[in-house]
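Below is one structure, written out as structure tokens; comments come after it.
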Amino acid sequence: MRQSAQGYARLGLKKEVERPVDRHVLALDVNGERTELLLPVHKTLLEVLREDMQLTGTKHGCELGECGTCTVLVDGKPELSCLLLPIQLEGRAITTIEGLARGSELHPLQQAFAELGAAQCGYCTPGMLLAASSLLESNKRPSSDDIREALAGNLCRCTGYAKILEAVQLAAGRMA
Amino acid sequence: MSEAKTFSVIGKPLPKVDAASRVTGQAVYADDMLLPRTLHCRILRSPHPHARIRSIDTSAARRIPGVQAVITGADLPVKFGILPVTQDERALEHEKVRYVGDPIAAVAATDEEIAAAACDAIAVDYEVLEPVMSIDAALANPKDERIQDYGGPNNIHKLVALEFGDVDGGFARAEHVREDVFFFQGNTHLPMEQHSAIATYVDGKVTLWSSTQVVHYVHRALSKVLELPMNRIRVIGAAHGGGFGGKTDPFAHEIVVAKLAMITGRPVKCTLTREEVFYAHRGRHPVLMWVRTGVTKDGHITAMHFKSALDGGAYGSYGVASTFYTGALQTVTYDIPAYRFEGCRVFTNKPPCGPKRGHGTPQPRFAIELHLEKIAHDLGIDPVDMKRRNFVKPMTRTVNWLRVTSCGLEECTRRVMDASGYRRRERRPGHGMGFAISTYLSGAGTAIYWNDMPHSEVQIKVDRGGVTAYCGAMDIGQGSDSVLAAIVAEELGLQPRDVRLVTADTDTTPIDLGSYSSRVTFMAGNAALEAARKMRALLVEAAAAKMQCAPESISVGGDRIGDFSFEEASILAEARFGTLATAGSYTPPKIAGPYKGSGVGPSPAYSYSACVVDLDADHRTGLVHIKKVWIAHDVGRAINPLLVEGQVEGSVYMGLGEALMEEQTFRKGLHKWPSMLEYKSPTFLDMPDVKTFIVETDDPEGPYGAKEAGQGPLLPVIPAVSAAVFDALGVWIDEVPVTPEKIVEALRRKEKGEPPRIGPPRFPDIPYPVTIKVDPPPKELDLAAAPSI
Chain D
6 MRQSAQGYAR
16 LGLKKEVERP
26 VDRHVLALDV
36 NGERTELLLP
46 VHKTLLEVLR
56 EDMQLTGTKH
66 GCELGECGTC
76 TVLVDGKPEL
86 SCLLLPIQLE
96 GRAITTIEGL
106 ARGSELHPLQ
116 QAFAELGAAQ
126 CGYCTPGMLL
136 AASSLLESNK
146 RPSSDDIREA
156 LAGNLCRCTG
166 YAKILEAVQL
176 AAGRMA
Chain L
1123 MSEAKTFSVI
1133 GKPLPKVDAA
1143 SRVTGQAVYA
1153 DDMLLPRTLH
1163 CRILRSPHPH
1173 ARIRSIDTSA
1183 ARRIPGVQAV
1193 ITGADLPVKF
1203 GILPVTQDER
1213 ALEHEKVRYV
1223 GDPIAAVAAT
1233 DEEIAAAACD
1243 AIAVDYEVLE
1253 PVMSIDAALA
1263 NPKDERIQDY
1273 GGPNNIHKLV
1283 ALEFGDVDGG
1293 FARAEHVRED
1303 VFFFQGNTHL
1313 PMEQHSAIAT
1323 YVDGKVTLWS
1333 STQVVHYVHR
1343 ALSKVLELPM
1353 NRIRVIGAAH
1363 GGGFGGKTDP
1373 FAHEIVVAKL
1383 AMITGRPVKC
1393 TLTREEVFYA
1403 HRGRHPVLMW
1413 VRTGVTKDGH
1423 ITAMHFKSAL
1433 DGGAYGSYGV
1443 ASTFYTGALQ
1453 TVTYDIPAYR
1463 FEGCRVFTNK
1473 PPCGPKRGHG
1483 TPQPRFAIEL
1493 HLEKIAHDLG
1503 IDPVDMKRRN
1513 FVKPMTRTVN
1523 WLRVTSCGLE
1533 ECTRRVMDAS
1543 GYRRRERRPG
1553 HGMGFAISTY
1563 LSGAGTAIYW
1573 NDMPHSEVQI
1583 KVDRGGVTAY
1593 CGAMDIGQGS
1603 DSVLAAIVAE
1613 ELGLQPRDVR
1623 LVTADTDTTP
1633 IDLGSYSSRV
1643 TFMAGNAALE
1653 AARKMRALLV
1663 EAAAAKMQCA
1673 PESISVGGDR
1683 IGDFSFEEAS
1693 ILAEARFGTL
1703 ATAGSYTPPK
1713 IAGPYKGSGV
1723 GPSPAYSYSA
1733 CVVDLDADHR
1743 TGLVHIKKVW
1753 IAHDVGRAIN
1763 PLLVEGQVEG
1773 SVYMGLGEAL
1783 MEEQTFRKGL
1793 HKWPSMLEYK
1803 SPTFLDMPDV
1813 KTFIVETDDP
1823 EGPYGAKEAG
1833 QGPLLPVIPA
1843 VSAAVFDALG
1853 VWIDEVPVTP
1863 EKIVEALRRK
1873 EKGEPPRIGP
1883 PRFPDIPYPV
1893 TIKVDPPPKE
1903 LDLAAAPSI
């Protein structure tokens, strides 16, 4: 198996865990809140959000940048948090699913996803919503093809994407 | 349930009861849990497909700072397995490994990297054995020892041979007989969420939260392997990130974290990597199939003989059931007067196969739909007309004793034919349409382990106007919680949002056998209906007594019971009866036929689907572009049409993935593409428009007439794609997936004057046992008649 025991040996990770880890003090701006953290430099943004900041709304499907599940917004643009290191992100505005609603008032996309059944198991939903919200920021009246293109990097195994497409269209209509 | 009814909740496209938590990131999945002092677990897995373990040395791993516990198979020697007849797995193997990825040892450490490093420090001495990597190799004499020490001859796991009616006579009567061979490649579930489990050990009790489809089966396996009584184990289904059948077995990591929690006294969590999920598998069996059918010259089937060979991987899993399923449901769509089925499952040194959406039936559905299509071409009959002539009728019994009650095949076919314009389709090279039908169970009629207890139970508590429903059912995203809430709300005159649900917790909820075999709406739904009607009767009786009128005159609805608000009525009833608690349960009717092996196939009701696929196929590149899919699904009654549409659309999507690109194949024991990038699955850009028709046939035994929706609609999509490729290019792709390479190669063969076909050349010789001959039942179904066994 590539990444498991044998893989760790090949990649030299055994040695890695046995020596002291470099740690950096960083300040991250997540959902408009500034938080200071002491972090090992190799920790990904995904890991820091979930493990150090308890922002577990951000999910993970592969941790290799393949599935889009861990999508967050960095300065409003969708990025894969499993491929980002926090040291790249000081001074940048990070938005996670926890920052999409305004208090208990759902974002129009969240409302539309809920109404139309666009979230089944809900696991790809946070990433899908953030990618869609970025699209609607830059394109108020996206065509079906615009939506398909913008969300093509986010895999979903439950819905067949049909209700997601409808929900983004509904939200776009309401926000316009 | 034939009388016309008006509903206030049933049939309304309401949002799911948990929609808000899913869209805000508040739903707590297993890997989102981090209890104080949690240790992280990693599992050492075999790098060899087949090897004996000479020794395991964990001493270096134990010395690594941060490592709290290391366990091997010696710590968990008791075997388990989902089926009572195949208890062939260990949580950790210490004698022999049978596939790359077989678990060997597990570490609990203060962080995941330390746990991984400790796995790396475990020294395992292997005696490498010759791996068995194909059906043919498994049928032959093994070069080294057999993979498992049961079954046989050679690496055969299971053989079955059944015959219903006079098959030889049926073939003798036929005016045309055709034989074909098909192959369906294996593929996997690929849920977005990796499997994950976290366990605690407090007050001598184990609590496990897991991403599972069946808390009850995990509960049973933990009790057996940990050697603890079930009352000292609690299994809770965490918010679920997708199953599709892949989280229906109990898994090594679930047992391992419980054991490590018992040893360390601390919470222990294990989340599989994506690569491990590919190896955990339990997905679609690769199946080689041979089918021979006799027909009259107008296309009526006189007899069918169907043979299957399943590549099962290294362990039993659900495989015995899967084997029977490859032969069981052919007769539930087509009226086959005489039918012989011979099935075989082999062990190979690959991850075990098990149930994936449609469990054991998409493979034969692919074969039989294309086979009938070819027969129609032989006879010069329109394939849709020919299939239609053979459709089963409602209220009949099949030759293999399966009971067909409601059946919407005709209407489903009419809907997709009318909407798609199949008859008027543009006929030009490179453009094609394909048609296929299917059926699926609304829950298995018999339990996995033999018992007479209900398959589902629901309790309802009403207290000062608050309604809580308790059920062991696990919502895996399909919306089973929403279905239960809708049924309880309908009966009590409330809305689903007024019903609080407690589900999938073995301590607090009564049994339900979980989210598989499309059973929850039918079975838990009927249990909820019974419990809710009892509760309604209590509320009505109390209101009637206060109003001094007959209970029959009390109306229920709109948050009111007679003259009272629901809350007032509940206070009256509690004062009158004490604690307001009711229960309902569902046990399927005893409908299995009088023969060994009849337990797989019976269901209290079957769903039906029909599908038309429209595509363009490029003769130079072999690339297929799906333009549109029309699908009609007989769900009996849509309790929530929004959720039914979601299930149908998701099924079409998954069917297209299997038809065109998804395959799980191996090279020297290694998965060829264990990542989400390399294992191709359809993206947003690959998904065509889908037009869904919900057909309602009001099943006599379903709750409000409802049947299943989650699996059946996947089945016709795959053969419809291959039939449409033939329509477009005149080549038969008798092998799933239908890839561009196969299409180009088939076209090349056609040009050279060879048979225009890609598919397996032959079906192997298999030592099937002597056929068990079973007399068919009377064809007309009498629901009032006594059960057959």
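Read top to bottom, the protein sequences are chains D and L.
If you count the first sequence from 1, position 151 lands on 156 in our numbering, and the numbers rise without skipping.
If you count the second sequence from 1, position 512 lands on 1634 in our numbering, and the numbers rise without skipping.
Glycine included, each C-beta is placed from N, C-alpha and C at the ideal position.
- Distance from the Cα of Leu1394/L is smallest, within the candidate group Val1409/L, Pro1862/L and Ser1333/L, for Ser1333/L.
- By the rule that beta-carbons nearer than 8 Å mark a contact, Glu1376/L does not touch chain D.
- For the pair Pro91/D and Met180/D, the CB atoms are not nearer than the 8 Å cut-off.
- When 9 Å is used as the limit between beta carbons, Phe1366/L is near these residues of chain D: Arg162 and Cys163, in chain order.
- For Pro131/D, the nearest beta carbon of chain L is closer than 8 Å to its own beta carbon.
- Here Ala1149/L really is in contact with Ala1361/L; their C-beta atoms are around 4 Å apart, less than 8 Å.
- Here Cys87/D is buried: its Cβ has 16 or more other Cβ atoms, across all protein chains shown, within 10 Å.
- Within chain D, the residues placing a beta-carbon under 8 Å from that of Asp1154/L are Arg55 and Thr61, ordered along the chain.
- The residues Leu51, Thr63, Lys64, His65, Gly66, Glu68, Leu85, Ser86, Cys87 and Gly132, in chain order, have a CB closer than 8 Å to that of Cys75/D in the same chain once the five nearest residues on each side in sequence are set aside.
- Sequence-distant Cβ neighbours of Cys1534/L in its own chain, meaning closer than 8 Å and more than five residues away, are Ile1559, Tyr1730, Ser1731, Ala1732, Ala1754, His1755, Asp1756, Phe1815 and Val1817.
- Within 10 angstroms of the beta-carbon of Trp1331/L lie 16 or more other beta-carbons, which makes it buried.
- Ranking Ala1608/L, Gly1647/L and Asp1210/L by CA distance to the CA of Val1621/L puts Ala1608/L first.
- In the three-state scheme derived from DSSP, where H, G and I count as helix and E and B as strand, Ile1132/L is classed as coil.
- Contacts between Gly66/D and chain L, judged by CB atoms closer than 8 Å, involve Met1314, Glu1315, Gln1316, Arg1396 and Met1798 in chain order.
- Within 10 angstroms of the beta-carbon of Thr1743/L lie fewer than 16 other beta-carbons, which makes it exposed.
- Within the segment 1164-1250 of chain L, the complete alpha helix (DSSP H) runs of at least 4 residues fall at 1181-1185 and 1234-1242.
- Residues of the segment 1745-1777 of chain L with a C-beta less than 9 Å from any C-beta of chain D: Asn1762, Leu1764, Leu1765, Glu1767, Gly1768, Gln1769, Val1770, Glu1771, Gly1772, Ser1773, Val1774, Tyr1775 and Met1776, listed in chain order.
- For the alpha helix (DSSP H) assignment, the uninterrupted runs of no fewer than 4 residues enclosed by the segment 1501-1548 of chain L are, from N- to C-terminal side, 1505-1511 and 1531-1542.
- Taking 9 Å as the Cβ-Cβ cut-off, the segment 32-44 of chain D has no residue approaching chain L.
- Annotation for Ile1816/L: the continuous beta strand (DSSP E) segment containing it runs Asp1811 to Val1817.
- Lys1472/L places its beta carbon less than 8 Å from that of Met1255/L.
- Interface criterion met: the Cβ of Phe1806/L is under 8 Å from a Cβ in chain D.
- Beta-bridge pairing by DSSP links Ser1707/L to Glu1579/L.
- Judged by DSSP secondary structure, His1341/L falls within the alpha helix (DSSP H) whose first and last residues are Val1337 to Leu1348.
- Contact between Tyr1728/L and Val1538/L is absent: CB atoms are separated by about 18 Å, not below the 8 Å threshold.
- Identification of chain L residues near Glu71/D by a Cβ-Cβ cut-off of 9 Å yields Arg1396, Ser1797, Met1798, Leu1799 and Glu1800, ordered along the chain.
- Taking C-alpha positions only, Glu1397/L is separated from Cys1163/L by approximately 16 Å.
- For Ser1332/L, the pairing in a beta bridge is given by DSSP as Ala1319/L and Gly1359/L.
- Taking 8 Å as the upper bound on Cβ-Cβ separation, chain L lies near residues Thr101, Ile102 and Glu103 of the segment 81-104 of chain D.
- The beta carbon of Gly1719/L is closer than 7 Å to those of Val1282, Leu1284 and Phe1446 in its chain, skipping five residues each way along the sequence.
- The three-state reading of DSSP puts Phe1788/L in strand, counting E and B together.
- In the displayed model, Glu1771/L falls within a helix according to three-state DSSP.
- Straight through space, the alpha carbons of Phe1513/L and Tyr1456/L are spaced by roughly 5 Å.
- At a cut-off of 8 Å between C-beta atoms, Pro1459/L does not count as an interface residue with respect to chain D.
- Annotation: the continuous beta strand (DSSP E) that includes Arg39/D extends over Glu38 to Pro45.
- Under the three-state reduction of DSSP, His1755/L is assigned to strand.
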